[in-house]
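Residue numbers (the working numbering): -2 to 227.
All residues carry an ideal CB built from backbone N, CA and C; glycine is no exception.
Below: the structure, in structure tokens.
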């Protein structure tokens, strides 16, 4: 099988096939007496496995998995797969925590929106220094009273503080919370984020399905290698 034959099945260039071999994603090809590469059905299965792994694991992880398999380090490849599944599980738990935090946020009455740092900290059961730390991290942006310089928290600020508080109780770091708070602000509140969360959930589901498909293709390649298929 020529490089062009292997490339044509997947709409790739022959240079891409050579690059994959050079990178260890495909097993080394045999050469003709004139130095031309020749590929086998095993190379075709390796390519199918790699391309099936990419959507679920990403290009770099998929490459590392295939490289490990092709150098005979199957356990290393399985560990990389486990790490990807662990990351997906972590992403699912983060989504669940965000959904729960948003679901538990009761609307803040407008007339009770403006608050000073002390009363707000007391309501949440945290120290005022904690709220100032969250401000430095970008989680909340209270305005200042022009006469006294005191921090004044609007209804939107109170919403952001309560959301941050719930996520912190869930064990999330400030740097993990800050992007969500920014998204709440840019969306104009919590309600518009429902569509974003649905999209996030759909992407995680698609990634999980892709991992299943990639696992099946990789298993087929491993069985072909074990059976000595050429």
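DSSP three-state assignment for residue 112, whether helix, strand or coil: strand
Separation of residue 125 from residue 19, as counted between CA atoms: 58 angstroms
Start-end ranges of the alpha helix (DSSP H) lying completely within the region 6 to 90, minimum 4 residues: 11 to 19, 38 to 54 and 56 to 67
Nearest neighbour of residue 122, chosen from 158, 174 and 87 [CA to CA]: 158
Spatial neighbours of residue 95 in its chain, beta-carbon cut-off 8 angstroms, leaving aside the 5 residues before and after: 164, 177 and 194
Under the three-state DSSP convention, the category residue 148 falls into: strand
Residue 34, buried or exposed, once every other Cβ within 10 Å from all chains shown has been counted against 16: buried
Classification of residue 180 by the beta-carbon crowding that lies within 10 angstroms, buried from 16 upward: exposed
Residue range of the alpha helix (DSSP H) that includes residue 128: 125 to 133
Inter-residue spacing [alpha-carbon to alpha-carbon] between residue 59 and residue 50: 5 angstroms
Meets three-Cβ-pair contact criterion under 8 angstroms: the region 110 to 117 and the region 204 to 219: no
Contact set for residue 148: own chain, Cβ-Cβ below 6 angstroms, skip 5 residues either direction: 114 and 139
Distance CB(residue 23)-CB(residue 43) smaller than 8 angstroms: yes
DSSP beta-bridge partners of residue 220: Per DSSP, none; premise fails for residue 220.
Per-residue burial, residue 38 [other beta carbons within 10 Å of its own, 16 or more giving buried]: With a threshold of 16 other beta carbon atoms within 10 Å, residue 38 falls short and is exposed.
C-alpha gap between residue 239 and residue 47, whole angstroms: Coverage of the chain is limited to positions -2 through 227, which leaves residue 239 absent and any answer about it impossible.
Cut-off 7 angstroms between Cβ atoms - residues of its own chain near residue 77, not counting five sequence neighbours on either side: 58, 61, 62 and 65
Whole-angstrom distance between residue 151 and residue 106, CA atom to CA atom: Because the pLDDT at residue 106 is just 48, under 50, the model does not fix this residue reliably, and the point stays unresolved.
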